[in-house]
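Student:
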Amino acid sequence: MQGTDNTTIKKMIDEQLSEKRRIHTYAVAEEAKALANRYGADPEKAETAALFHDFFRGISEQELNDYVLQLGFKTELLNNNNLAHGKIAAYMMKEKYHITDEDVINAVSYHTTGRPHMSNLEKIIFLADAIEPNRKYPGVEELRKLAYQDLDRACMLSLERSIDYVRSRGCYLDEDTVLAKDYLIEEIKRKEYENE
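What follows is the structure in structure tokens.
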């Protein structure tokens, strides 16, 4: 993989992220490597994506909005750090840090929303962010267990819970999240049918 190496990325994290964000980022990286080993993905790529996934999470609202407008992202991402930070990080990985692996870039870009046809690496980063050991919310233990048993079912469950949470709060629900869930439902049915 070309571009900035993981040792350099870790130095940037140590210098630029808050303690809380560093702890989370390193926990996601460890979880992502474990999931990568479990599902035959590249642990180094998983670590790179995990290290970058929240690199732009703590930027100011003004800086976030400047990126959203300059990069031509959909306007629903304005004032929405929850959804925009991954898109910004993915763009910067490519443009500033010269990481060219599209799978790694997509894993960062879609780590909060998911999308249809996610690669295993994308699913791994999506789940690692949701289940890292510092996460505490109802149902996380069930999700942690399922994540090591069935990657697709774990992603589907996490997406369903995300959709329910966002709807209950009356927030903007990204279309990719709903499409990702629907895709995984069909994918799971297809696999079950093939195994009959």
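The numbering of the sequence shown is this note's numbering, which starts it at -16 and goes up by one. Cβ atoms here follow ideal geometry from the backbone N, Cα and C, with glycine treated the same way.
Alpha carbon to alpha carbon, how far is A130 from L18? Give it in angstroms, no decimals.
Tutor: Walking along the sequence shown from the start, residue 18 turns up at place 35. Walking along the sequence shown from the start, residue 130 turns up at place 147. Roughly 8 Å between the two C-alpha positions.
Student: Skipping 5 residues on each side, what residues in its chain have a beta carbon closer than 7 Å to that of H94?
Tutor: For the purposes of this step, residue 94 is identified with residue 111 of the sequence shown, where counting begins at 1. Correct list, in chain order: H36, G69, I108, F109 and D112.
Student: Can you look up L140 in the DSSP assignment and give me helix, strand or coil?
Tutor: Stepping through the sequence shown from its first residue, residue 140 is reached at position 157. In the structure shown, L140 sits in a helix (DSSP, three-state: H, G or I).
Student: So, at 7 Å on beta carbons, what are the nonlocal neighbours of K119 in its own chain, with the 5 sequence-adjacent residues on each side left out?
Tutor: Looking up residue 119 in the sequence shown gives position 136. Around K119: no qualifying Cβ.
Student: Alpha carbons only, please: which of M76, R5, E124 and N65 is nearest the one belonging to C154?
Tutor: Here the question's residue 154 lines up with position 171 in the sequence shown. It is N65.
Student: Between which two residues does the alpha helix (DSSP H) containing T(-13) stretch?
Tutor: Against the sequence shown, residue -13 aligns to sequence position 4. Run containing T(-13): none; DSSP gives neither H nor E here.
Student: Quick check: what's the CA-CA separation for R40 versus E179?
Tutor: Position 57 of the sequence shown, counted from the start, is the residue given in the question as residue 40. Position 196 of the sequence shown, counted from the start, is the residue given in the question as residue 179. Computed Cα separation, rounded: 44 Å.
Student: Under three-state DSSP, which class holds I82?
Tutor: Mapped onto the sequence shown, residue 82 falls at position 99. Looking at I82 - three-state DSSP - the assignment turns out to be coil, as it is neither helix nor strand.
Student: What is the DSSP secondary structure of E177, counted as helix, strand or coil?
Tutor: Sequence index remark: in the sequence shown, residue 177 carries index 194 (1-based). E177: helix per DSSP, three-state reduction.
Student: Could you check what DSSP says for Y120 in three-state terms: helix, strand or coil?
Tutor: Your numbering for residue 120 matches position 137 in the sequence shown. Residue state, collapsed to three classes: coil.
Student: Determine the closest residue to L104 out of Q132, T31 and L156, with distance taken between C-alpha atoms.
Tutor: Stepping through the sequence shown from its first residue, residue 104 is reached at position 121. Closest by alpha carbon: T31.
Student: Quick one: using the 10 Å Cβ neighbour count with 16 as the cut-off for buried, is L61 buried or exposed?
Tutor: In the sequence shown, counting from the first residue as 1, residue 61 sits at position 78. L61 should be labelled exposed.
Student: Which residue wins for smallest C-alpha separation from H100, given the options F56, V161, D(-12) and M(-5)?
Tutor: Along the sequence shown, one-based indexing puts residue 100 at 117. For the residues F56, V161, D(-12) and M(-5), the minimum Cα distance to H100 belongs to V161.
Student: At what residue ranges does the region 14 to 78 contain a whole run of the alpha helix (DSSP H), taking only runs of 4 or more?
Tutor: For the region 14 to 78, whole alpha helix (DSSP H) runs of length 4 or above, ordered along the chain, are 26 to 35, 44 to 53 and 64 to 78.
Student: Do D84 and K16 have their beta-carbon atoms positioned less than 9 Å apart in this structure?
Tutor: Translated into positions along the sequence shown, residue 16 becomes position 33. Translated into positions along the sequence shown, residue 84 becomes position 101. It is not a contact, given that the beta carbons lie outside the stated cut-off.
Student: Between K164 and Y74, what straight-line distance do the alpha-carbon atoms span, to the nearest angstrom?
Tutor: Taking the sequence shown and counting its residues from 1, the one referred to as residue 164 is at position 181. Taking the sequence shown and counting its residues from 1, the one referred to as residue 74 is at position 91. The straight-line gap from Cα to Cα measures roughly 25 Å.
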